[in-house]
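Take the sequence shown: its letters are residues -24 to -1, 1 to 296, numbered as in mature numbering (1 follows the signal peptide of the UniProt record, and there is no 0). The beta carbon of each residue, even a glycine, is placed where N, CA and C say it ideally should be. Notes to accompany the following structure.
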Amino acid sequence: MRRRTALVAALPLLLAAACGTAQKSASSASPTSSGQAAASAIKVTGEAGKKPTLTFPAGKPSLTSASVKVIEGQGTPAKDGDVLTANVTVYNWDGKENKAAGSDYDQGRAEFVSVSPQLPKALHEALVGAKPGGRVMAVVAKDNLSPEQVEQAKQQGQDFDTTSQVLVIDVVSAALKSVQGAAVDPGVDGVKLENPSGDKAPTLTTKTTEKAPKKLVVKTVIKGGGPEVKADQTVLAHYVGKIWGTDKQFDSSWERGQPATFALNQVVKGWAQGLTGVPVGSRVLLTIPPDLGYGKEGNAQGGIKGTDTLVFVVDVLGAA
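Written as structure tokens, this is what we have:
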């Protein structure tokens, strides 16, 4: 899917955790009453949907993790396994400058936040039960982190021996878990697609003697009712990819058991062009010629030659 490895910005450790990349801490410490009191002393101003401003109590930072529901929100409470579209703002609580470390509001777009017990405990507790339109806050301290995470943070300039990190998360919505609706035949000679109902993955067959299309083909199999994907957005999707003519599968998020997220400006051109304008909630079939895929060099790791045409079925579950 990706043409090259994306450059990873030097984000604060817990901002990365909010994206679902952090591993579960070796510590199972729960927020204590003292930590909860310290977290409640942080004043969060500004309405949900706009960048919050935090005012911290005087003195040293709390080095105990805690979670706070700031604004209730409406709708279905989040639970483990959900992927939320949210705006995350991070502060470093050092008891001195207490500077903002980053905010999705500054970037002008939201991100995907996975609700998982693998997150630091206070962050997980803040997210479980969060509702669209709501705002939650998590103070994440050393007691919720493994020694490896503490060391990684220190290398990034965050010393959890003397500071904590505060995350304010404004929940926009919950991403779809599957695409629903009546499927139509994509009508591409040489390609067969079976579309079982419910959460089951589609079955794609590309074993054929038909000649591959020379241009990008985009066929809507199930049309979603969500907003159209924009070229500069990050997409949450399930997908399977095969090579035209051989039926060789080289990738499948369905087999991994979880959808993937990717920025459209960091994937092969066929994906970027083919998914731009597709409504969220859609299933699409893409056939991508080599010049819009991995080019003449191919992709040795995926077993893709420079002459291979790629065929994907993609379920667009969210865009942020």
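| Query | Result |
| --- | --- |
| Top-ranked residue by Cα proximity to GLY279, from GLY271, LEU268, THR263, PHE226 | PHE226 |
| Beta strand (DSSP E) segments (min. 3 residues) lying fully within the region 123 to 171 | 140 to 150, 168 to 170 |
| THR138, buried or exposed, once every other Cβ within 10 Å from all chains shown has been counted against 16 | exposed |
| For ARG259, three-class secondary structure by DSSP | strand |
| Cβ neighbour criterion (16 or more within 10 Å) applied to ASN241 | exposed |
| Cutoff 6 Å; reference THR179; Cβ partners in own chain excluding five residues on either side | GLU170 |
| PHE88 versus LEU152, GLY200, ILE219, residue with shortest Cα-Cα distance | LEU152 |
| Candidates THR61, GLY163, PRO28, THR181, of which the one nearest LYS75 by Cα | PRO28 |
| Sub-8 Å separation of VAL287 and LYS218 beta-carbons | yes |
| Extent of the continuous beta strand (DSSP E) run through GLN225 | 225 to 228 |
| As assigned by DSSP and simplified to three states, the class of ALA236 | strand |
| Pair within 8 Å by beta-carbon distance, GLY294 and VAL254 | no |
| Beta-carbon spacing of ARG111, ALA24 below 8 Å | yes |
| Own chain partners of LYS168 with C-beta closer than 7 Å, once the 5 adjacent residues on each side are dropped | THR181 |
| Cβ-based neighbour list, LYS118, same chain, cut-off 7 Å, excluding 5 preceding and 5 following | LEU39, VAL126, PHE136, ASP137 |
| DSSP-derived helix/strand/coil call for LYS118 | helix |
| Pairwise C-alpha distance: HIS100 and ALA159 | 36 Å |
| Which residues DSSP lists as bridging HIS100, in chain order | None; HIS100 has no bridge partner. |
| Per-residue DSSP class, three states only, for LEU251 | helix |
| Exposure of GLY133, with buried meaning 16 or more beta-carbon neighbours within 10 Å | exposed |
| Cβ pair count under 8 Å reaching 3, the region 226 to 238 against the region 195 to 212 | yes |
| Residue range of the unbroken beta strand (DSSP E) whose run includes GLN215 | Strictly speaking, residue 215 in this sequence is Tyr, with Gln absent from that position. Segment 210 to 219, the beta strand (DSSP E) holding TYR215. |
| Residues of its chain near GLN50, where Cβ-Cβ distance is below 7 Å and the 5 sequence neighbours each way are ignored | LYS107, PRO108, GLY109 |
| Neighbour-count burial assignment, GLY35, 16 or more Cβ in a 10 Å radius | exposed |
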